[in-house]
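Reading through the structure tokens given below for one structure.
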Amino acid sequence: MKELLPGFPTSAPPGFDLRGTLENRADCDAIIDVRSPAEFAEDHIPGALNCPVLSNDERHEVGLLYAHAPFEARKLGAGLVAKNIAAMLQTPAFDHPKNWRPLIYCWRGGMRSQSAALWLNLIGWRARYLSGGYKTWRKHVIHVLDTLPPQFQWRVICGATGSGKTRLLTALAQQGEQTLDLEDLAAHRGSVLGDLPDRRQPAQKEFETRLAEHIEGSDPAKVIYVEAESRKIGKLTLPNALIEAMRAAPCLEICATEKARLAYLLDDYAHLGDNPTDLAARLEHLRGPIDNITLNRWKRWAHERNLPDLFRELITCHYDPLYTRSQHKNFRRFADAQQVMTNDLSEESLQKLATEVIKLPHLLSYRTYEENPA
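Take a look at the structure:
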């Protein structure tokens, strides 16, 4: 085939395979996700840049046409992809030297990513498309979450609501320990009042990608500290292998005074007082487990912004009974939990508490515990 223009190649150089693998992402200079913005928003390979070759509406239009006229759909799609690639090349994202090496992916390594990779190679860059596309990444995430959690040494941090478990995780991380902050990854505090004011919860797939990336990057020779959680955090569900590994792990329990816990909650949940109507609506989810007289009093306190009385009764009437029931049920080694006592949950105190936790001797191995449960 002749060159399109003098010095303009018509394909990749001889011996260069346009097909890439997940392993190539370590060697590439950029990861380009050419799927639609909606697909990208649901989940994507960490660090990927979204450069869609079909918009949300265009992808929908092509999909509808494909159902009854595949050839016409491919023709329409090819034209739209070509148009969008041309526009894409004019953006700052593609201002790179000739030796730039991107890895490109779409849903399953089809027309979108192959077209983009071919055109980038025609220009002179060494672009590959991910064989199997996003579906290859998704299979990788599922494999990681199914197989890796049992291979790690987990230490579960327990404690009644307001015991500073999340801040203790932060303090442990600051002192060089491995941690997995599930509430941060899930953007939710894991309770009826747990929605964050400035962050949305990710989609389930995005949450699992975050988990897989974190676990895959951890050292199995070191302990990972993780906060005790139920199977669900807000609307998100923890993978089975991870929740089972946590339930079999040694536990440590923060035993904080009620005064310290109330002060902690008033600080950590202060934003709830900014929107009393929303707070009262969240409390409505407790109707049934909590009797109507008590719940109506709590809702009145919410409207009055009376957080001290509200949180004090939430601790004694809701959270503490729930904690007592759930810990023994969900964590098989909770009865043997090592306890750390504190009457102060300030940042300085939690740093000292983290130092104390690190010095605690490791509990019996899983094998010893399972063989000698008594």
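Residues in the sequence shown are numbered consecutively from 7, following our numbering.
For each residue, glycine too, the CB sits at the ideal point set by N, CA and C.
All values reported here derive from a predicted model rather than from experimental measurement.
### Query
Can you list, in chain order, the residues of its chain whose CB lies under 6 Å from that of residue 185, leaving out five sequence neighbours each side?
175, 178, 179, 231
### Task
Specify whether the stretch 292 to 304 and the stretch 264 to 280 touch according to this definition: at least 3 beta carbon pairs, one from each stretch, less than 8 Å apart.
no
### Query
Buried or exposed: residue 380, going by 16 or more other Cβ atoms within 10 Å of its Cβ?
Residue placement at residue 380 is flagged as unreliable, the pLDDT there being 38, under the threshold of 50; the coordinate-derived value follows with that caveat. Label assigned to residue 380: exposed.
#### Entry: Buried or exposed by the 16-neighbour rule on C-beta atoms within 10 Å, applied to residue 49
buried
### Query
Going by alpha carbons, who is nearest to residue 52 out of 60, 44, 31?
31
### Message
Just verifying my parser: in three-state terms, what is the DSSP assignment at residue 241?
### Response
DSSP, reduced to helix, strand and coil, places residue 241 outside both helices and strands of the structure shown, so it counts as coil.
### Task
Starting from the C-beta of residue 153, find all residues in its chain whose C-beta is less than 8 Å away, skip the five residues before and the five after it, and write them out in chain order.
247
### Task
Quick one: which unbroken beta strand (DSSP E) runs of 3-plus residues sit fully inside the stretch 90 to 168? Chain order, please.
108 to 111, 134 to 136, 159 to 164
### Beta-carbon separation (whole angstroms), residue 123 vs residue 134, contact threshold 8 Å
6 Å
### Message
Let's test the definition: count the other Cβ atoms within 10 Å of the Cβ of residue 1 and tell me whether it reaches 16, buried, or not, exposed.
### Response
Because the chain in this structure spans residues 7 to 380, residue 1 falls outside the shown range and cannot be described.
### Task
With DSSP collapsed to three states, give me the class of residue 23.
coil
### Query
What residue does the alpha helix (DSSP H) around residue 63 start on, and which one ends it?
Looking at the DSSP string, the run of the alpha helix (DSSP H) that includes residue 63 is 62 to 72.
### Message
Going by DSSP in three states, residue 364 sits in which element: helix, strand or coil?
### Response
helix
### Query
Excluding five sequence neighbours on each side, which residues of the same chain lie with their C-beta closer than 8 Å to the C-beta of residue 250?
155, 156
### Query
Does the distance from the CB of residue 260 to the CB of residue 169 come in under 8 Å?
yes
### Query
In whole angstroms, what separates the C-alpha of residue 344 from that of residue 366?
8 Å
### Task
Spell out the partners DSSP gives residue 231 in its beta bridges.
The bridge partners DSSP lists for residue 231 are 161, 185.
### Task
Taking 8 Å as the cut-off, decide whether the C-beta atoms of residue 333 and residue 164 are in contact.
Yes. Within cutoff.
#### Entry: Where residue 348 sits in the DSSP three-state scheme
DSSP places residue 348 in strand when its eight states are reduced to three.
### Query
Hey, how far is the Cα of residue 318 from the Cα of residue 224?
Cα to Cα, residue 318 sits roughly 38 Å from residue 224.
### Task
Kindly indicate the opening and closing residues of the alpha helix (DSSP H) around residue 285.
For residue 285, the uninterrupted alpha helix (DSSP H) segment begins and ends at 282 to 289.
### Task
Buried or exposed for residue 161, please, with buried defined as at least 16 other CB atoms from any protein chain shown within 10 angstroms of its CB.
buried
### Message
Can you tell me whether residue 194 is buried or exposed? The criterion is at least 16 other CB atoms within 10 Å of its CB, across all chains shown.
### Response
Buried.
### Query
Leaving out the 5 sequence neighbours to the left and right, which residues in its chain are closer than 7 Å to residue 356 when beta-carbon positions are compared?
170, 173, 174, 177
### Task
Could you tell me whether the stretch 334 to 354 touches the stretch 253 to 269, using the rule of 3 or more Cβ pairs below 8 Å?
yes
### Task
Consider the C-beta atom of residue 356 and the heavy atoms of the ligand ATP; say whether any pair is separated by less than 7 Å.
This structure does not include the ligand ATP; it has no bound ligands of any sort.
#### Entry: Cα-Cα separation, residue 190 to residue 233
11 Å
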